[in-house]
Amino acid sequence: TWLLFHLGHKPRLIILVFLTVGALLSGWITDMAVAAVMLPIGTAILKDAGIKPLKSNFGRALMISCAWGPLIGGISTPAGSGPNPLAMSFLKDLAGIDFTFIDWMLIGFPAMILMIPCAWLILLLVFPIEKVNLQITGKDLKERLARIGPVTKKEIFTAIIFLITITLWIGAPLFKKLTNGAIDYLSISFVAAACSCLFFLPGIEVLTWKKAEQDISWGGIILIVSGLSLGMAIYKTGAAEWLAWIAFNKIGMLHPVLIVFVIVLGVSLMKVAFSSNTVTGIIMVPLLIALAKNLNIDPVIIAIPAGITASLAFILVTSTPTNVIPYSAGYFSISDMVKAGLWMTIASSVCVTISICVFGRLFNIVNF
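What follows is the structure, given as structure tokens:
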């Protein structure tokens, strides 16, 4: 409602806002959940404007932005997407490299910032926006805000716990340093689990365990845990080394910048075959760590690009539930997403390469 009131006559800016808000939220909340939050807001805007499914380029661009924003933001922090902590875990277990939350953000966040304008321009070029009437009156704004009501106690507690979680994730290295290593257990998973428990405390009780248990994706948890075991098995049996050498043995002849680009683009295209962020990360990251050791390359140079790119699925609707959710509204077709997604895949590969090569070297995270 606020967007329509202030940006109603600027549909192009609404698309940019959706991309930006979706990306910023997705750094801290899973991309699928962010897409589910953005979808009803987007469909409400389109219905207010009287736009019908598959009849408007603005509808196509806005709904695709509901998927692309969360996908882009998912790479900005380790908490944004499943493959991110998987890549960090494999680096620690297989290569002995302790990649921190801040290390990831120093590469992932600039890549996200670079991708947002690229995604916006691609959507505007592929789907030229027609004239649409999106404005609402000040009276409508007041009525809709009144229906929403004031901020509740549970919402305040949720915001506070959210801020505590982010502070502990980002500040873990600092807390460790200030306590001379006494606090050395603030891993991403420990902080997430501990802060999650705060929601159930008496006096806070944002939700009950019975309610939370119904909505927990136990299958997803089993998939990630099984995936870690599978990745370790692939690496330790030598299968990863063998597969890596067959598939990528020539990559060591390339310049480090080209290595990063080839890895990013290659994993992006493999997403079409694997159709799962987590599966892509499970298969590719151990394989590439083995390759790095064979070629005497810093594992971070190729493992982190693979981990980042594993969650970028711009081409096919079926590659991730994050794409399926906006698609279900019916405002764009599969071919619409392919048409824009091919360009965005190339653009994202360039953005991730620039971020790793520039900011990775600037902050001494990667060694070429």
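According to the working numbering, the sequence shown holds residues 4 to 371 in order.
For glycine and all other residues, C-beta sits at the position ideal for the given N, C-alpha and C.
Measuring alpha carbon to alpha carbon, tell me which residue in T312, I292, P302, G30 is nearest G269.
Taking the first residue of the sequence shown as position 1, residue 269 is located at position 266. It is T312 whose Cα lies nearest to the Cα of G269.
Rounded to a whole number of angstroms, what is the C-alpha to C-alpha distance between S358 and P56?
As a working mapping, residue 358 is identified with position 355 in the sequence shown. As a working mapping, residue 56 is identified with position 53 in the sequence shown. The alpha-carbon atoms of S358 and P56 are separated by roughly 37 Å.
Applying the criterion that 16 or more other CB atoms from any shown protein chain within 10 Å of the CB defines a buried residue, is C1 buried or exposed?
The first residue shown for the chain is 4 and the last is 371, placing residue 1 beyond what the model contains.
Among L319, P302, L294, which one has its Cα closest to the Cα of S271?
Counted from its first residue, the sequence shown places residue 271 at position 268. Considering only alpha carbons, the answer is L319.
Do I191 and P88 come within 8 Å of each other at the CB atom, strictly closer than that value?
Numbered from 1 along the sequence shown, position 85 holds the residue referred to as residue 88. Numbered from 1 along the sequence shown, position 188 holds the residue referred to as residue 191. The answer is yes: Cβ separation under 8 Å.
Given this structure, state the Cα-to-Cα distance separating K214 from F160, to the nearest angstrom.
For the purposes of this step, residue 214 is taken as residue 211 along the sequence shown, with counting starting at 1. For the purposes of this step, residue 160 is taken as residue 157 along the sequence shown, with counting starting at 1. Linking K214 to F160 through their CA atoms gives a straight-line distance of about 17 Å.
Please classify P153 as buried or exposed, where buried requires at least 16 other C-beta atoms within 10 Å of its C-beta.
Start at 1 with the first residue of the sequence shown, and residue 153 comes out as number 150. It is exposed - the Cβ of P153 has fewer than 16 other Cβ atoms within 10 Å.
Could you tell me which of S29, S314, I67, P302 sits nearest to I368, measuring between CA atoms?
In the sequence shown, counting from the first residue as 1, residue 368 sits at position 365. If you compare the alpha carbons of S29, S314, I67, P302 with that of I368, the shortest gap goes to P302.
In angstroms, rounded to a whole number, what distance separates the CA positions of M347 and F362?
Start at 1 with the first residue of the sequence shown, and residue 347 comes out as number 344. Start at 1 with the first residue of the sequence shown, and residue 362 comes out as number 359. Each residue's alpha carbon lies about 21 Å from the other.
Say whether the segment 112 to 120 touches the segment 322 to 337, bearing in mind that this needs 3 or more beta-carbon pairs closer than 8 Å, one atom from each stretch.
With a cut-off of 8 Å, the segment 322 to 337 and the segment 112 to 120 do not count as touching, because too few Cβ pairs lie within range.
Euclidean distance between Cα positions of L365 and M256:
Working through the sequence shown from its first residue, we reach residue 365 at position 362. Working through the sequence shown from its first residue, we reach residue 256 at position 253. Distance between the alpha carbons of L365 and M256 is about 24 Å.
Proximity of S84 and I78 at Cβ, strictly below 8 Å:
Here residue 84 corresponds to residue number 81 of the sequence shown, with the count starting at 1. Here residue 78 corresponds to residue number 75 of the sequence shown, with the count starting at 1. In this structure, I78 lies closer than 8 Å to S84 by Cβ.
Cut-off 6 Å between Cβ atoms - residues of its own chain near A19, not counting five sequence neighbours on either side
For the purposes of this step, residue 19 is taken as the residue at position 16 of the sequence shown. In the sequence as displayed, the identity of residue 19 is Leu instead of Ala. Only W123 meet the Cβ criterion.
Specify the secondary structure class of A90 as computed by DSSP and reduced to three states.
Locating residue 90 in the sequence shown gives position 87, where the first residue counts as 1. In this structure, DSSP gives A90 a helical state, which the three-state scheme calls helix.
Do you know how far the Cα of A52 is from the Cα of T240?
As a working mapping, residue 240 is identified with position 237 in the sequence shown. As a working mapping, residue 52 is identified with position 49 in the sequence shown. Roughly 58 Å between the two C-alpha positions.
Please classify F104: does DSSP put it in a helix, a strand, or coil?
Residue 104 sits at position 101 when you count from the first residue of the sequence shown. Note: F104 maps to helix in three-state DSSP.
Look at I307 and A38 and say whether their C-beta atoms are less than 8 Å apart.
Here residue 307 is taken as the residue at index 304 of the sequence shown, counted from 1. Here residue 38 is taken as the residue at index 35 of the sequence shown, counted from 1. At a Cβ-Cβ threshold of 8 Å, I307 and A38 do not count as neighbours.
For G30 versus C69, is the C-beta distance shorter than 8 Å?
For the purposes of this step, residue 30 is identified with residue 27 of the sequence shown, where counting begins at 1. For the purposes of this step, residue 69 is identified with residue 66 of the sequence shown, where counting begins at 1. Contact flag unset, no.
Reducing DSSP to helix, strand and coil, say where G77 ends up.
In the sequence shown, the residue the question calls residue 77 occupies position 74. The answer is coil: DSSP assigns G77 none of H, G, I, E or B.
Which term fits A293, buried or exposed, when burial requires 16 or more other beta carbons within 10 angstroms of its beta carbon?
For the purposes of this step, residue 293 is taken as residue 290 along the sequence shown, with counting starting at 1. Counting of Cβ neighbours within 10 angstroms places A293 among the buried residues, the total reaching 16 or more.
Could you check the C-alpha separation between F264 and I163 for me, to the nearest Å?
In the sequence shown, counting from the first residue as 1, residue 264 sits at position 261. In the sequence shown, counting from the first residue as 1, residue 163 sits at position 160. Taken atom to atom, the span from the alpha-carbon of F264 to that of I163 is near 39 Å.
Taking 7 Å as the cut-off, is the beta-carbon of R63 closer than that to any non-hydrogen atom of the ligand GDP?
With respect to the ligand GDP, the structure shown offers nothing to examine, as it has no ligands at all.
Could you check where the alpha helix (DSSP H) with Y334 kicks off and where it finishes?
If you number the sequence shown from 1, residue 334 lands on position 331. From DSSP, Y334 is part of no alpha helix (DSSP H); its letter is neither H nor E.
Tell me whether A162 sits in a helix, a strand or coil according to DSSP, three-state version.
Locating residue 162 in the sequence shown gives position 159, counting from the first residue. Helix.
When the Cα of L298 is compared with those of V341, A350, H258, which residue comes out closest?
Locating residue 298 in the sequence shown gives position 295, where the first residue counts as 1. Proximity to L298 across V341, A350, H258 peaks at H258, based on C-alpha coordinates.
Keeping to the same chain, check which residues put their C-beta closer than 7 Å to that of I167; ignore five residues upstream and five downstream.
Locating residue 167 in the sequence shown gives position 164, where the first residue counts as 1. Around I167: C198.
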